[in-house]
Amino acid sequence: MFALSSHLSDTRERRPFGVTNLTMLDRIQRLAKEIAPRLIEIRRHIHSHPELSGHEYQTATYVAGVLSSCGVQVREGVGKTGVIGELGTHQQPRVAIRTDMDALPITERTGLPFASRNPGVMHACGHDVHTTLGLGTAMVLSQFLDELPGAVRFIFQPAEEIAQGAHWMVAEGAMAEVDAIFGVHVFPSIPSPIVGVRYGALTAAADDLELTITGESGHGARPYEAVDAIWIAAQVITTLQQAISRTHNPLRPVVLTIGKIQGGRAPNAIADSVQLLGTVRSLHPETHRELPDWIENIVAGVCKTYGAGYEMNYRRLVPSVFNDTALTQIVESTVRQAWGETGMQLLMEPSLGAEDFSVYLDHAPGTMFRLGVGHANQRNYALHHPQFDIDEKAIMTGVITLAYSAWQYLSRWQTD
Ligand code: NI
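Taking this note's numbering, I'd label the letters of the sequence shown as residues 25 to 440.
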């Protein structure tokens with residue numbers, strides 16, 4: 025636990041900005057620069073104390089302490105180990121900023137002086153940075169509380185890596201009365217301090233598929249007296265893969281992978297049951313909605329043709345992160361105003377990975393940007409790599425982007 029640095033209390037006393045005609049962006053940038061050393065300390069502290077999904081106890085306590093020390097109202101134990109901070113006296117508009125706090129079961133090999141002190145656990149996905157960005161944004165915006173044209177909710181989420189935390193937070197009211205939400209993920213293949221902005225789909229929806237095809241067993245020499253579940257399972261797989269290319273709009277891609285198949289008892293016996301397990305990825309929300317029925321129609325058709333039965337369980341894990349256009353424009357405008365053309369990279373392709381930020385988007389429009397954290401002159405390891413590391417300059421960029429985007433959203437809402 026720590027008290028808020030002297031940087032902040034000094035700023036509060038001096039209030040150097042109110043008497044000048046600096047723009048809000050200038051004021052946010054100056055303040056972010058001032059607290060940057062403190063943010064790096066915070067990030068290193070969190071980095072050296074990583075905790076696994078659903079076990080973010082120390083991190084949550086630490087987060088709650090920082091939030092309280094800058095006058096943010098704190099609720100702890102939301103969604104198990106999540107923390108919610110509320111800033112602002114107005115009820116509306118309310119903008120949320122979501123950051124995730126969990127680490128991965130990976131042994132760190134960065135050799136950094138502030139490397140993980142928790143053996144076998146590492147912040148290899150940069151959620152230590154995200155948590156710091158949420159805290160930094162709270163520190164900055166709390167300095168402008170009197171002028172804040174709305175409310176800001178800080179959502180510090182647990183368990184993103186197991187795609188559970190957002191569900192837990194939403195179930196306990198994290199999105200109640202939220203009008204818009206911003207999120208961020210670090211990205212090592214974008215150089216620091218560039219911000220990656222993407223319109224539309226950023227990540228894929230991920231679902232689980234479980235299918236059981238039921239036939240009738242019989243002697244391997246007389247298949248016509250039985251119903252061969254293995255052959256029918258093969259037909260189901262082939263038909264599904266062909267139908268994707270023939271009946272889905274290729275601009276709204278679907279990837280269906282059957283990763284496990286199990287069935288049969290003996291080489292000379294017809295199998296009466298085959299189980300198929302798979303993952304289904306898609307980018308467009310409409311496609312995602314239609315997929316379970318589409319898959320079931322094909323399975324049912326093939327099974328009916330050859331006299332088999334089936335049972336299908338389709339489990340939606342997370343939807344696609346589909347960035348709202350107006351909110352993405354706000355992020356783009358923030359980045360352009362702050363750093364000009366060269367500060368931004370327009371992302372041309374989405375990722376087929378999954379991210380549970382999408383769960384919040386069922387409740388309010390939102391956008392997630394990618395914060396470039398790549399070092400200029402050294403190898404940048406991928407997310408989830410034991411040597412993953414970031415350029416800490418990006419922390420300031422992330423805080424400015426979040427704080428000024430939130431500010432712009434709240435100000436624009438008022439004048440609409
Ligand atoms: Ni991550």
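A virtual CB, placed ideally from N, CA and C, is assigned to each residue, including glycine.
As assigned by DSSP and simplified to three states, the class of residue i
| i | result |
| --- | --- |
| M372 | coil |
| N321 | helix |
| V202 | coil |
| L63 | helix |
| E184 | coil |
| R403 | coil |
| F412 | coil |
| M163 | helix |
| K284 | strand |
| S306 | strand |
| T391 | strand |
| E249 | helix |
| Y433 | helix |
| Y86 | helix |
| I214 | strand |
| Y334 | strand |
| F41 | Residue placement at F41 is flagged as unreliable, the pLDDT there being 47, under the threshold of 50; the coordinate-derived value follows with that caveat. Correct three-state label for F41: coil. |
| D231 | strand |
| D386 | helix |
| Q53 | helix |
| M146 | strand |
| L157 | helix |
| E171 | helix |
| T131 | coil |
| V513 | The structure shown does not extend to residue 513, since the chain is modelled only from 25 through 440, so no value can be given for it. |
| A258 | helix |
| E58 | helix |
| V221 | strand |
| F138 | coil |
| E365 | helix |
| M420 | helix |
| D380 | helix |
| S241 | coil |
| T113 | coil |
| D152 | helix |
| T236 | strand |
| R276 | coil |
| H191 | helix |
| L301 | strand |
Cβ shell of residue i (< 6 Å), same chain only, five flanking positions each side left out
| i | result |
| --- | --- |
| R340 | D231 |
| T421 | P217 |
| Y334 | I237, V323 and C327 |
| D413 | T134 |
| Y433 | V119, A204 and I354 |
| E80 | T105, M125, D126 and P182 |
| V107 | A84, V87, A88, E100 and F180 |
| G103 | W192, M193 and E196 |
| K417 | S216 and P217 |
| S435 | P173 |
| H147 | H71, P74 and A127 |
| G377 | T227 |
Ligand 1 heavy atom lying under 7 Å from the CB of residue i
| i | result |
| --- | --- |
| E80 | no |
| E132 | no |
| H209 | yes |
| H147 | no |
| H151 | yes |
| E184 | yes |
Supposed contact pair residue j and residue i - C-beta distance, whole angstroms, cut 8 Å
| i | j | result |
| --- | --- | --- |
| F393 | T425 | 7 Å |
| V279 | R305 | 4 Å |
| R133 | Q361 | Wrong, their Cβ atoms sit about 39 Å apart, outside the cutoff. |
| H191 | V383 | 6 Å |
7 Å CB neighbourhood of residue i in its chain, flanking five on each side removed
| i | result |
| --- | --- |
| L49 | Q361, A362 and Y428 |
| F211 | G220, R394, L395, G396 and V397 |
| V176 | L111, G112, V119, I121, L165 and A430 |
| A162 | L91, C94, V96, G109, L111 and F178 |
| M368 | I218, V219, V221, E356, V359 and R360 |
Cβ-based neighbour list, residue i, same chain, cut-off 8 Å, excluding 5 preceding and 5 following
| i | result |
| --- | --- |
| S241 | A250, R289, A293, I294, A295 and D296 |
| R276 | S306, L307, H308, E310 and T311 |
| N347 | R222, Y223, G224, A225, L226, G390, T391 and M392 |
| E201 | Q115, Q116 and R118 |
| P143 | T131 |
Chain C contact for residue i (CB, 8 Å cutoff)
| i | result |
| --- | --- |
| I282 | Here there is only one protein chain, and chain C is not present. |
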